[in-house]
Every structure is written in structure tokens, then in C-alpha cells.
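Engineer: Have a look at the structure that comes next, please.
Residue numbers (this note's numbering): 1191 to 1304.
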């Protein structure tokens, strides 16, 4: 199966210009290496420093996000614990109320049969 791409005239011209630009950049880099290698080294060192800064910033962002996630999880855990504690207290109160009512009914039944 063959896949054919049809490009309009503007796209073809744009692709040719892009290829020409890439080729010119490659030639320019080669000329720079041959004529002034110290400039290329400076550029490379500058790019390396920029990339190291980006890496440092990303590490900081990652640490920040992890800390935020940890705090959020801790808040949710505290909330769930409070909710569970509240539910246990409510269940305890309901059991007590049921026992009281059950005793009242038994007493009323015992008094009514005499």
C-alpha cells in the first residue's frame, strides 16, 4: 500500500526553505568550528549552562509538587480519620439509644404482664 502526500505549492516552497535553512545552519556550524572553535565552545558551554538551569528548575518543581501532593494526602487522611471517629461516636450513641429503648420496652412489657 502506497501513501501519497499531496502538498500545495506553499507547503513545497516552505519545505524547501526549511531544508535550505537547516543546510545553511549545518554549513555555518562547520565554518565556525573550523574558523573559530572557541566561539563554538562558548556557545556549547552556554547551552550546557542553560540546560543545567532548566534541569535544576525542573527538579525544584518536582520537589514542590511532591510536597504539595504529600500535604494534600495528609489533609485527606486527617479528614478521613475525623470522619471515622465521628461515625464511631454516632454508632456508639445509637447503640446506647437502642439499648435504652430495648430496656424500656422490656420493662414496659414486664410491668404490663403483671
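Glycine included, C-beta positions come from ideal geometry on N, C-alpha and C. Since the model is a prediction, treat every value here as computed from it, not as a measurement.
1) Roughly how many angstroms lie between the CA atoms of residue 1288 and residue 1274, to the nearest whole one?
2) For residue 1242 and residue 1264, what's the separation of their Cα atoms in angstroms?
3) Roughly how many angstroms separate the alpha carbons of residue 1236 and residue 1253, rounded to a whole number?
Structural biologist: Working from what's here:
1) The straight-line gap from Cα to Cα measures roughly 21 Å.
2) Spanning the two alpha carbons is a distance of roughly 33 Å.
3) Rounded to whole angstroms, residue 1236 to residue 1253 spans 26 Å at the Cα level.
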